[in-house]
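Here is the structure we will look at.
Numbering (this note's numbering), first residue to last: 108 to 593.
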């Protein structure tokens with residue numbers, strides 16, 4: 108059974124029945140006068156642990172038995188006081204590390220976070236959720252822990268949890284669950300079914316799907332080609348949320364939902380296919396963000412476009428040398444069937460801008476391995492045609508803990524990488540050393556560059572699946588960004 112997370116209203120409620128309690132705070136907070144919120148013996152042990160535990164650069168955790176009934180075990184997660192200017196002020200990654208490193212056991216437990224700034228609440232709570240993933244197929248009768256969270260200010264008073272913070276944490280865990288689910292279990296049909304179930308619970312949302320050959324009737328040849336030979340046909344799931352009050356902007360969230368990526372006929376080499384269940388991380392992120400925003404009365408009109416397919420190998424597979432006429436009307440000569448995600452996104456952003464009338468289009472995808480070379484495992488890449496939108500998402504990343512870093516938006520430098528003798532473009536670059544992630548983003552934008560829409564692309568290949576588990580990266584980033592749009 109997975110670990111369940113909820114919020115305790117008070118310290119007595121959190122302590123009641125808890126076998127273990129983890130206290131998370133910055134080193135400077137712990138070195139000062141701590142608020143007395145634990146039973147006296149445990150409070151004294153907390154002070155002793157605080158003296159002996161050094162945070163290092165990314166946080167550390169220590170623990171001891173208390174000798175009392177509740178809690179029986181006391182754990183302390185010590186955060187560094189400062190990070191670089193490219194880090195989140197909340198040190199969310201350090202929070203995730205100390206929570207993941209604490210052994211909370213399989214029964215009821217509590218996590219107390221002491222925040223010097225209430226603005227750190229979203230990132231901190233989301234980091235806790237990310238550290239305790241939902242998916243597991245391990246055998247045995249062991250059950251997951253029941254964990255309650257309580258945030259305190261420096262005076263020891265509970266900090267209220269806004270509904271959007273709680274829903275972000277839960278949506279992030281669900282997004283990670285989708286990424287962790289084995290690909291035969293989470294095929295395109297099942298992914299769409301799960302999305303429908305999540306969306307059905309939210310008022311003012313309408314959902315429809317375009318499935319299989321019907322994609323061709325809508326001009327979505329890129330999405331159709333990538334998924335047409337899989338057992339379950341490709342599909343575009345479209346959800347639209349209309350706010351009760353008028354006003355706001357028309358904003359679309361487009362996600363790459365490759366439930367498994369073999370590379371197609373340009374087959375991935377041995378060892379490069381093992382984590383390709385994670386290629387739906389972009390769609391998982393935009394689905395989660397849409398649910399958070401729509402469930403919390405977003406002021407903007409929202410569209411969700413999930414481009415879902417399995418890039419399989421079979422007699423009907425699309426081939427190198429094929430030419431596709433995309434939704435934009437532009438033609439693409441295929442020179443690499445493993446550069447499939449940009450074909451989905453190109454159709455998706457074109458549909459969002461042209462058919463759904465979005466003024467602002469965000470797309471999210473585990474698009475390039477080069478993203479990890481460019482910005483690593485903790486910063487996603489962003490590329491935008493609008494400087495203000497770029498600055499908004501960078502600020503939202505630092506606030507939410509989902510960090511991003513911009514790459515150049517320079518069509519005049521990158522379009523040449525896609526030159527074709529017989530079509531408008533090829534789908535994979537000539538020179539892989541020329542800003543490969545920025546070029547991939549440029550390919551996507553090329554299919555909406557004749558619209559007036561603002562656009563922001565997020566390549567989250569590393570942050571979405573940095574090692575061996577999904578993280579739900581992007582849910583907090585996108586929902587916080589859109590809340591900040593005037």
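Backbone N, C-alpha and C define an ideal beta-carbon position, used for all residues, glycine too.
Own chain residues within Cβ distance below 8 Å of residue i, not counting five before or after
| i | result |
| --- | --- |
| residue 464 | 357 |
| residue 476 | 568 |
| residue 526 | 532, 533 and 537 |
| residue 283 | 237, 240, 241, 242, 391, 576, 577, 578 and 579 |
| residue 573 | 484 and 485 |
| residue 329 | 431, 433, 434, 439, 450, 451, 453 and 454 |
Residue nearest to residue i in terms of C-alpha spacing, selected from the options
| i | options | result |
| --- | --- | --- |
| residue 122 | 149, 109, 134 and 108 | 149 |
| residue 136 | 109, 336 and 189 | 189 |
| residue 338 | 447, 329, 319 and 276 | 319 |
| residue 387 | 378, 128, 418 and 235 | 418 |
| residue 446 | 361, 348, 421 and 548 | 548 |
| residue 424 | 330, 336 and 203 | 336 |
| residue 366 | 286, 401 and 443 | 286 |
| residue 127 | 258, 545, 466 and 216 | 216 |
| residue 124 | 178, 353 and 304 | 178 |
| residue 393 | 275, 420 and 432 | 275 |
| residue 256 | 228, 180, 281 and 245 | 228 |
| residue 396 | 362, 556 and 492 | 362 |
| residue 508 | 588, 244, 112 and 451 | 588 |
| residue 433 | 584, 182, 591 and 555 | 555 |
| residue 348 | 370, 380 and 307 | 307 |
| residue 551 | 528, 314, 530 and 522 | 522 |
| residue 214 | 443, 108 and 223 | 108 |
| residue 164 | 371, 187 and 340 | 187 |
| residue 168 | 184, 155 and 176 | 184 |
| residue 381 | 333, 321 and 289 | 289 |
| residue 412 | 350, 259, 503 and 343 | 343 |
| residue 444 | 331, 500, 505 and 562 | 331 |
| residue 524 | 511, 541, 530 and 512 | 541 |
| residue 511 | 247, 571, 245 and 462 | 571 |
| residue 429 | 493, 496, 462 and 529 | 529 |
| residue 480 | 539, 462 and 494 | 539 |
| residue 563 | 557, 502 and 360 | 360 |
| residue 280 | 182, 203, 166 and 175 | 203 |
| residue 340 | 191, 504, 354 and 321 | 321 |
| residue 590 | 295, 225, 503 and 545 | 503 |
| residue 218 | 350, 205 and 226 | 205 |
The ligand FAD heavy atom lying under 7 Å from the CB of residue i
| i | result |
| --- | --- |
| residue 127 | Among the components of this structure there are no ligands whatsoever, and the ligand FAD is therefore not found. |
Residues near residue i by beta carbon distance below 7 Å, same chain, minus five either side
| i | result |
| --- | --- |
| residue 543 | 475, 477 and 536 |
| residue 110 | 239, 251, 252 and 254 |
| residue 399 | 271, 274, 275, 278, 582 and 586 |
| residue 118 | 144 and 257 |
| residue 421 | 336 |
| residue 560 | 460, 465, 466, 467 and 468 |
| residue 442 | 427, 533, 534 and 535 |
| residue 180 | 126, 127, 170, 172 and 173 |
Expected contact under 8 Å - CB spacing of residue i and residue j to nearest Å
| i | j | result |
| --- | --- | --- |
| residue 131 | residue 220 | 5 Å |
| residue 450 | residue 470 | Not confirmed; about 13 Å, so no contact. |
| residue 364 | residue 415 | 4 Å |
| residue 141 | residue 154 | 7 Å |
| residue 222 | residue 260 | 6 Å |
| residue 389 | residue 473 | 6 Å |
| residue 482 | residue 592 | Not really, about 23 Å apart at Cβ, beyond 8 Å. |
| residue 166 | residue 201 | 3 Å |
Contact set for residue i: own chain, Cβ-Cβ below 6 Å, skip 5 residues either direction
| i | result |
| --- | --- |
| residue 230 | 195, 197, 199, 507 and 508 |
| residue 312 | 306, 346, 348 and 401 |
| residue 157 | 137 |
| residue 133 | 186 and 188 |
| residue 315 | 345 |
| residue 565 | 471, 487 and 489 |
| residue 497 | 491 and 513 |
| residue 232 | 272 and 276 |
| residue 505 | 195 |
Is the stretch 399 to 409 close to the stretch 325 to 333, with three or more CB pairs under 8 Å? no
Pairs of beta-carbons, one from the stretch 452 to 460 and one from the stretch 429 to 440, closer than 8 Å: are there three or more? yes
In chain order, which continuous runs of the alpha helix (DSSP H) of length 4 or greater are located wholly inside the stretch 439 to 523? 448 to 461, 477 to 482, 494 to 507 and 518 to 521
At 4 residues or longer, what runs of the alpha helix (DSSP H) sit wholly inside the stretch 122 to 156? 134 to 138
Could you tell me whether the stretch 512 to 526 touches the stretch 200 to 211, using the rule of 3 or more Cβ pairs below 8 Å? no
Hey, is the stretch 256 to 266 in contact with the stretch 369 to 377, meaning 3+ C-beta pairs nearer than 8 Å? no
Output the residue ranges of the alpha helix (DSSP H) runs that lie fully inside the stretch 295 to 327 and measure 4 residues or longer, sorted by chain position. 295 to 307 and 321 to 324
Just to confirm the assignment: which complete beta strand (DSSP E) runs, minimum length 3, are found wholly within the stretch 328 to 386? 342 to 348 and 357 to 368
Sequence ranges, beta strand (DSSP E) only - wholly within the stretch 202 to 278, length at least 3: 215 to 221 and 253 to 259
Secondary structure, beta strand (DSSP E): runs of 3+ residues fully inside the stretch 528 to 592: 561 to 566
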